[in-house]
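Read in order, the letters of the sequence shown correspond to residues 9 to 326 in the numbering used here.
From the three backbone atoms N, C-alpha and C, an ideal C-beta is built for every residue, glycine too.
Below is one structure, written out as structure tokens, with a few remarks after it.
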Amino acid sequence: MSKILEVKNLNIGFDLIDGFKQAIYNVSFSLEKGKTLAIVGESGCGKTISTMSVLQLLPETAKIKSGEIFYNGENILSFSQKQMQKIRGKKIALIPQDPMTSLNPLYTVGNQLLEVIELHQGLKGKEAYDVAVNSLERVKIPDAKEKMKSYPHEFSGGMKQRVIIAMALACNAEIIIADEPTTALDVTVQAQIMDILHEVKEKYGLSVILITHDLGIVAQNADKVAVMYSGRIVEYADVEELFKNPKHPYTKALLNVILDVNSTKVETIEGQPPSITDEIKGCPFHLRCKDCMDICKKEEPVLKQINEESQTACHLYD
Ligand code: SF4
């Protein structure tokens, strides 16, 4: 299976008032063509920052200290903004949490689709119009021709997300980065959007990076999973292995948080993850870990191969 995207040893930090603070530590992951990689973890664990670095869409204060990001074999971290414009939105599309960050309320959905088709595909007139209508139909938007004339506010949250997916399809995107794409939607609409994402991935051979904190969505949609904690990947595994045989105590704790339908009690993970300004000694999870040992307070564990399907960073496996 060929890798369409490979992130290697990424280190990112922020220039804060009291100096540079590292937020992402040696993060490496890869995305295989036609597959879905889920990146999971609590808020602030670094999943969005790691992924936005692929699109070079980081906040101004963020700095990539080191690392490489290969897209189709080329290190795009060395690309200029001009070169990135040819990739961003065209080859690698983003489905954000809030679709209104990508849609302009002042223009019709049709105008916005035609604009990206002209920009990224160089098509105009009837040719561009046909591609636009077809892309809306591919994401099951009814009366696509009529909907071309509508403004974003006339669409529900779920329909707006479909429009964003349609834009990615209209540009023949190869990779979709979906950043918590269903968080703002109700449960039924969430399932519809995930079904559409799954369908377009299967039909058009897209590769997907799915950023989420919802392990239910991961179980149904991902092939591979990277679990992040405090800016590090602490477990990296095939989806089946992760759910059947989780290794890292943080992964186990996350899985325990999922409410068992027959249970009335939800287990929570006690404590808070460290902030980027905290000095961390040893394993970043040790203050919350039920299996913490002496060594965990002194030495940070490194990510290592446990079996063919999984890697974890935990002294329990030394
Ligand atoms: Fe827990 Fe130690 Fe493993 Fe960290 S290294 S997760 S503290 S057992």
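Exposure of residue i, with buried meaning 16 or more beta-carbon neighbours within 10 Å
{"i": "F28", "result": "exposed"}
{"i": "V269", "result": "Confidence at V269 is low in this model, with a pLDDT of 47, below 50, so its placement is unreliable and the value that follows should be read with caution. Label assigned to V269: exposed."}
{"i": "V310", "result": "exposed"}
{"i": "D151", "result": "exposed"}
{"i": "G54", "result": "buried"}
{"i": "H128", "result": "buried"}
{"i": "P257", "result": "buried"}
{"i": "D194", "result": "exposed"}
{"i": "K132", "result": "exposed"}
{"i": "E188", "result": "buried"}
{"i": "L85", "result": "buried"}
{"i": "Q91", "result": "exposed"}
{"i": "I25", "result": "exposed"}
{"i": "G279", "result": "exposed"}
{"i": "E182", "result": "buried"}
{"i": "E210", "result": "exposed"}
{"i": "L114", "result": "exposed"}
{"i": "K134", "result": "exposed"}
{"i": "G327", "result": "In the structure as shown, the chain begins at 9 and stops at 326. Residue 327 is therefore absent and cannot be evaluated."}
{"i": "K312", "result": "exposed"}
Cα-Cα separation, residue i to residue j
{"i": "I100", "j": "K305", "result": "40 Å"}
{"i": "R296", "j": "V233", "result": "22 Å"}
{"i": "H221", "j": "G49", "result": "5 Å"}
{"i": "M156", "j": "V15", "result": "37 Å"}
{"i": "E123", "j": "E154", "result": "18 Å"}
{"i": "M60", "j": "A186", "result": "11 Å"}
{"i": "G130", "j": "S143", "result": "16 Å"}
{"i": "T191", "j": "K298", "result": "30 Å"}
{"i": "K94", "j": "E162", "result": "31 Å"}
{"i": "E249", "j": "E287", "result": "33 Å"}
{"i": "D302", "j": "P292", "result": "13 Å"}
{"i": "K98", "j": "V139", "result": "14 Å"}
{"i": "M236", "j": "P282", "result": "13 Å"}
{"i": "T116", "j": "E82", "result": "36 Å"}
{"i": "V242", "j": "G52", "result": "15 Å"}
{"i": "P107", "j": "K168", "result": "6 Å"}
{"i": "A178", "j": "I184", "result": "13 Å"}
{"i": "M175", "j": "H323", "result": "45 Å"}
Same chain, Cβ closer than 8 Å to residue i, neighbours up to 5 away in sequence not counted
{"i": "I204", "result": "V147, K148, R170, I173"}
{"i": "F22", "result": "F28, K29, A31, P67, T69, A70, K71, I284"}
{"i": "I225", "result": "A46, T190, Q198, M202, L218"}
{"i": "A136", "result": "L122, I125, E126, Q129"}
Nonlocal neighbours in the same chain, by C-beta distance under 7 Å from residue i, ignoring five residues either side
{"i": "G290", "result": "C304, K305, K306, E307, E308"}
{"i": "H206", "result": "N229"}
{"i": "H294", "result": "C300, C304, K305"}
{"i": "Q200", "result": "G166"}
{"i": "T56", "result": "D187, I219"}
Cβ-Cβ separation, residue j to residue i (assumed contact under 8 Å), whole Å
{"i": "K73", "j": "L39", "result": "Actually they do not touch by this definition, with Cβ atoms about 22 Å apart."}
{"i": "Q120", "j": "N112", "result": "6 Å"}
{"i": "G239", "j": "Y33", "result": "5 Å"}
{"i": "I217", "j": "I77", "result": "Actually they are not in contact, since the Cβ atoms of I217 and I77 sit about 12 Å apart, beyond 8 Å."}
{"i": "K246", "j": "S318", "result": "Per the sequence presented here, residue 246 reads as Asp, with Lys not at that position. Correct: roughly 7 Å between the Cβ atoms."}
{"i": "S36", "j": "N17", "result": "6 Å"}
Other residues of its chain near residue i: CB distance less than 6 Å, five sequence neighbours each side excluded
{"i": "K41", "result": "S10, I12, S215"}
{"i": "K260", "result": "P254"}
{"i": "Y325", "result": "I314"}
{"i": "V197", "result": "G166"}
Residues near the ligand SF4, criterion Cβ-heavy atom distance below 7 Å | H256, P257, Y258, C291, F293, H294, C297, D299, C300, M301, C304, P309, C322, H323, L324
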